[in-house]
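S.K.: In our numbering, the protein residues as written are 129 to 242.
Yeah, the Cβ is synthetic: ideal placement off N, Cα and C, and Gly gets one too.
Let me give you the structure first, and then I'll get to my questions.
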């Protein structure tokens, strides 16, 4: 996916395109995750979409739900969604940092012709 250390670093324009693709992937992951959380809260807890969004956003942000789940399936969903949200946070951070870390590492290890 990325250039090897035997190739020169990407131009600024190509690097900006790479970063924008990673940002797009991260945004898509977060949007899909929020949609799944909202659907789960609407289905298992019968919350209105605004309340489902609030609970989903609070869990995804690490704050915890606003409305405590009342049903057993809702409690299981909230627990699983909280675990999933932690993984999404790590994946999103990795997506956003990968091109930057690779560029720095590439500049240090680039094998120039001497």
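I'd like the list of long-range same chain contacts for residue 130, defined as Cβ closer than 7 angstroms, with 5 residues on each side in sequence excluded.
M.R.: Taken in chain order, the residues that qualify are 230.
S.K.: Would you call residue 227 buried or exposed, if buried means 16 or more other Cβ atoms sit within 10 Å of its Cβ?
M.R.: The residue in question, residue 227, is buried, as its Cβ has 16 or more Cβ neighbours within 10 Å.
S.K.: In three-state DSSP terms, what is residue 138?
M.R.: Residue 138 falls in the coil class under three-state DSSP.
S.K.: At which residue ranges does the region 155 to 198 contain complete alpha helix (DSSP H) runs of 4 or more residues, listed in the order of the chain?
M.R.: Counting whole runs of 4 or more residues, the region 155 to 198 contains the alpha helix (DSSP H) stretches 177 to 188.
S.K.: Whose C-alpha, out of 197, 199 and 189, is nearest the C-alpha of residue 220?
M.R.: Checked all of 197, 199 and 189; the closest Cα to residue 220 is 189.
S.K.: Might you give, ordered along the chain, the residues of its own chain that have their beta carbon closer than 8 angstroms to the beta carbon of residue 175, omitting 5 neighbours on each side?
M.R.: Hits under 8 angstroms: 169, 183 and 195.
S.K.: Give the range of the alpha helix (DSSP H) segment to which residue 213 is assigned.
M.R.: Note, residue 213: alpha helix (DSSP H), 200 to 237.
S.K.: Can you give the beta carbon distance from residue 150 to residue 224, rounded, assuming they're within the 8 angstroms contact cut?
M.R.: The pair is a contact, with the Cβ atoms about 6 angstroms apart (cut-off 8 angstroms).
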